Structure formats: C-alpha cells, structure tokens
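Some notes on the structure that comes next.
In the numbering used here, the protein residues as written are 2 to 539.
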C-alpha cells in the first residue's frame, strides 16, 4: 500500500488506534487497543493511577506514546532528512549537538532556575520520544538516540552548518562574503536578491471583529510528510499544532492554545552577518543555550525566529494593548514589541522572513537598498498590503495563504518564488535570474484559525496549485526535481483538499468529495496525556 504525505491522506478502511501507557516498577509500557472508524486517527491517553505519577512521568509518556504510534513515519522522515541534510553537514556538527544534549541534561537535573525547571519537562518528553522509538521501531529501522535528538533540529541544521562553514573560513583567514547588494545581484527578473524564505504569516482583523491567523511553511519538499496533533499537557493546557513525524514540537511554527486563548506563529529570519553567524560554532556558550520554542533539542541561538502571539481573551475583552505581540530574535539578542496598534489601525499584520524592528534588521545584516531584503519593499510585503485589506472572512484568508499568481501578478515579476505561497520547483533562470533554477522547495502547507472558533483549524498539505492559471499540481514524477532530494514514504501527486480539524470531530466531507486515493496508515495523531485518564478521540 502506498504511503500518504499530507494532512488529508487518510484511508476510509483504517482504524483508530488507542493506547494506554502504564508504568510499573519504573518501566513504561504501551497497551494497544483498536476500534473501527472511517478515519485513521491515532489517539492515546494516560491511564488513571496513583498520585505518585509525576508531571515528569506524564511528559515522558507523551513522547513515548507518540513514537509508538508514528515510528514508521518517523523513520521515513529521518531517512530523507539524513540523506538530504545530516550526512552533508560539516565536520564537528554532530559533536556540537552531542555537547549541547549533555549540557541540557545536566542543567535540567541540577539547576533551580525556573527556566531549567520548565525545560526539564521538555527534556522528559524528548527522552520518552527517544526511548519509545528504541523499543517499538520496526525491524531494520533503527535510529541512533543522538540522531533522534538531531532530528529535532530539522529546519535549523542549515544555520548550524552555515555557522561551521563561516567559522572555518575565518580560521583560514578567508573573507566572508556579504549579502549581495541589489546593484550587483545576479537576478534579472524583479528587483533585488532572492534568498530562500521560511514561511509567510498574516494576522487579519476581519470586518466581523474576529481575528484570523494564517501561516504557511516554506521547506525543502522532504517536509511533505506531515502530522497534525492536539495535545493536552499535564497542566491541562490543550495545544493544537501542525508538525512532522519525528518532531515533538511544531517547527512550522503554528500553535493554537485553545483553553489558554493564545495563537502563536513564527517566521524565520536569516543571519546575513557572517561573522556573527560564525559565533554559533565558535562560542562555547552558544551550543549550551536551550530553546524558547519548547523543545530541549534546538539551540536558541541557531533558529532566528520572529514569533507572533495573539491573545484572544484580551481581544474579546475589548483591550487594545497586549493583544498582538512580536518577538524578533538574533544571535544572543531579542526585541519584544506590542504590535496591537498596527493590527487595529491598519487591519492586518504581515510577516515574511524580514525583521520588522530596525535594530534586529541591522544586526542581522539585512540591506534595505535591496528590495527583496526590505521589510516594506519585498514582493510579499507589497502583495500583503494590496490584498490583506480585502480579506473579509476565513475563506478569504485561506485563499490568501495559498496565493501564487506569479504569471500575471506584476509584484511577482514572473517568478514563482516571489509570492505568498512559493513554488521554487517552477522557477527557471529566465524568470528568476541566474542560478535560480528549479528547486524542491517552497510553501508545503497552509493553516488558518479564527479567534471566533479556537477549536477549529483549517489546514491543507502540499504545494499550492491552480492548473487553470498555469500553476500545476505538484507531482514528483513530472516535477523535474525528483532527483534533487530523497523523498521516501510519499505519494507521487499532491492534490489534497483543505481539511477542518475540530476538537470534537473530524470533518470528512471534503475528503469524501475529493474522490482521491487514501492511505492505510495514520497521518494525524491526537495524543492526550491526562492524570484523569480521559480518552479524547478527535
């Protein structure tokens, strides 16, 4: 049976998996059960028991259970990631992660600092994830425990590798190249340079007074293997996230904390100052900083995010401060700001891998004279300014998050990279400039949620398409990028519909109407670990 890659790739004959995690004499076990259902949704719960079950035990069980359900898909993703990225990393990167892992473990065991106390819970979940895989993986699908830790770095390994390369150049006395200025940029189509982006985000204040939040993830197409999770943590907070099998966090990043009334998204900025970048590899403290993202496996200094958080409770209470916040991070530096006034006065907030705050923009080496590196002049900025004010409901925002009309949109300059949902696989040098040929990279999904219904998330997987307007459905076999990266465990064609994930039931109408092939193993996992032992079948 062929494998599925997207949020919507479900098998009508599959079954729900339930499991009880038990602990006896210090040993964790998974006891599987099954029940017929038309959807392949993996679900789990913590068995009720004595009060001696600690929060650390329950966090460990979260990771343990997730590996139990998704071990084959974890291996598929690791196989691709290892071949495409990990095996190509510079010498010393593996040791860098090994040092960091050891340091995080020590600090979570000995430190009384509240930060490290919190990180101890994430460390427990990570260890449960590793141990669960070691116990339940299929024959011949072994993954080294350190590699499972490195797996959590997906999306950030490139920054670490670049830092090691830059550090080596400095050590050898070679000059580090700066960002290419617009005047000498090798690209002929559209102004400025075309760095790879990493996600587009939009926060829209709609005419009905609700706030819609949209996010699409830009990645190598190895990221087509997707999973959608709804997790209730020991502190009773329930978080919905889009993710990838093998990651205990989102990494997209897209989180909805429904009973905490928070929505969080992230778009990643790039470090253009090569000397600062090199410190990630050379500074002994840099490798020992734990992340803010919620995984004890990602170095804070290596991911350079712009986090945006919407406080729905404050919005519904009529407050106009502290509703929308942004935190932009550089190496060893972060700028936190309240963007609520922008949201309420302009009606939207836009984000697309270029720092908003001038101090972060300058420290990271961005060049405002290069239009595609300018917060106000880049194509995605101008498209957002033109289209966002016209978005009046969730359906409009969903369409915007998949927008790519590069053939006819003058703001894209004929290049499929310069738009809201990029398709680098359609790029060619005539349209996008020298060196900008087809790549297996682009927007791999979209997610939309409204403050009016925090329990419902709309999501779609795979590159955007619009065949009637010249944007073909992505197929590996006809893409021209099939041999660029390994992509085991995926279907050939990605033409999945939008799917509505609801806290109480899955909406299958769109799937049924699509009439497409479904697959026999679960792509969606809803993992719940609660002391009460309640089962939540989403």
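We treat Cβ as the ideally placed atom computed from N, Cα and C, and that holds for glycine. Keep in mind that this is a model prediction, so the values were computed, not measured.
Per DSSP, cross-strand counterpart(s) of residue 326: 310 and 339
Euclidean distance between Cα positions of residue 199 and residue 156: 9 Å
Are the CB atoms of residue 235 and residue 60 nearer to each other than 8 Å? Against a cut-off of 8 Å, the Cβ pair of residue 60 and residue 235 comes out as a contact.
Which residue from 218, 89, 355 and 146 puts its Cα closest to that of residue 130? When 218, 89, 355 and 146 are compared, the shortest CA-CA separation from residue 130 is found for 146.
Who are the Cβ neighbours of residue 255 in its own chain at under 7 Å, not counting the five residues just before and after it? 216, 242, 243, 266 and 448
Assuming residue 166 contacts residue 486 (C-beta within less than 8 Å), just tell me the rounded distance between them. Actually they are not in contact, since the Cβ atoms of residue 166 and residue 486 sit about 20 Å apart, beyond 8 Å.
Could you please give me the residues that DSSP links to residue 62 through a beta bridge? Answer is none; residue 62 lacks a bridge partner.
Does residue 107 come out as helix, strand or coil in the three-state DSSP assignment? Residue state, collapsed to three classes: helix.
Please report the straight-line C-alpha distance between residue 231 and residue 457, rounded to a whole angstrom. 11 Å
Which value, in whole angstroms, describes the spacing of the CA atoms of residue 380 and residue 405? Each residue's alpha carbon lies about 12 Å from the other.
Element boundaries [alpha helix (DSSP H), containing residue 409]: Note, residue 409: premise wrong, no alpha helix (DSSP H); not H, not E.
Indicate the three-state DSSP secondary structure (helix, strand or coil) for residue 92 in the structure shown. coil
For the beta strand (DSSP E) that residue 502 lies in, which residues bound it at each end? 500 to 503
By Cβ distance, which residues of its chain are closer than 6 Å to residue 268, with the 5 residues on each side in sequence left out? 200, 202, 307, 352 and 354
Tell me the DSSP secondary structure of residue 377 in three-state form. coil
Let me know the secondary structure DSSP gives residue 444 once reduced to three states. Here residue 444 sits in strand by DSSP.
If you run the structure through DSSP and keep just helix, strand and coil, what is residue 202? strand
Tell me whether the beta-carbon of residue 55 lies closer than 8 Å to the beta-carbon of residue 133. no
Which term fits residue 290, buried or exposed, when burial requires 16 or more other beta carbons within 10 angstroms of its beta carbon? With a pLDDT of 33 at residue 290, under the threshold of 50, the modelled position of this residue cannot be trusted, and the question is left open.
Would residue 325 and residue 335 be called neighbours here (beta carbons separated by less than 8 Å)? no
In whole angstroms, give me the CA-to-CA distance for residue 75 and residue 414. 39 Å
May I have a chain-ordered list of the alpha helix (DSSP H) segments no shorter than 4 residues that lie completely inside the segment 418 to 498? 430 to 433 and 477 to 480, all fully within the segment 418 to 498.
Give me the DSSP bridge partner(s) of residue 263. 258 and 312
Can you tell me where the beta strand (DSSP E) with residue 361 in it begins and where it stops? No beta strand (DSSP E) contains residue 361, which is instead part of the alpha helix (DSSP H) from 359 to 364.
Where residue 206 and residue 389 are concerned, what is the direct C-alpha to C-alpha distance, given to the nearest angstrom? 10 Å
Quick check on residue 210: buried or exposed, where buried means 16 or more other Cβ atoms within 10 Å of its Cβ? With fewer than 16 other Cβ atoms within 10 Å, it is exposed.
On the DSSP bridge assignment, give the partners of residue 231 in chain order. 241
In this structure, how does DSSP classify residue 175 when only helix, strand and coil are distinguished? Residue confidence is low: residue 175 scores 47 on pLDDT, short of 50, so the model does not pin down where it sits. Its coordinate-derived value is still stated next. Residue state, collapsed to three classes: coil.
Among residues of its own chain, excluding the 5 on either side of residue 344, which ones have a beta-carbon nearer than 8 Å to its beta-carbon? 204, 206, 212, 324, 325 and 350
DSSP beta-bridge partners for residue 30? 23
Does the distance from the CB of residue 316 to the CB of residue 451 come in under 8 Å? no
Have a look at 31, 73, 82 and 83 and flag the residue whose alpha-carbon is nearest the alpha-carbon of residue 545. Lying before the first or after the last residue shown, residue 545 is absent from the chain, which here runs from 2 to 539.
Heavy atom of the ligand NAP within 7 Å of residue 375 beta-carbon: Ligands displayed in this structure: none; no statement on the ligand NAP is therefore possible.
So for residue 118, helix, strand or coil by DSSP? helix
Of all the options 78, 93 and 104, which has the alpha carbon lying nearest to the alpha carbon of residue 153? The shortest Cα separation from residue 153 among 78, 93 and 104 belongs to 78.
Starting from residue 402 and walking both ways along the alpha helix (DSSP H), at which residues does that stretch end? For residue 402, the enclosing alpha helix (DSSP H) covers residues 395 to 402.
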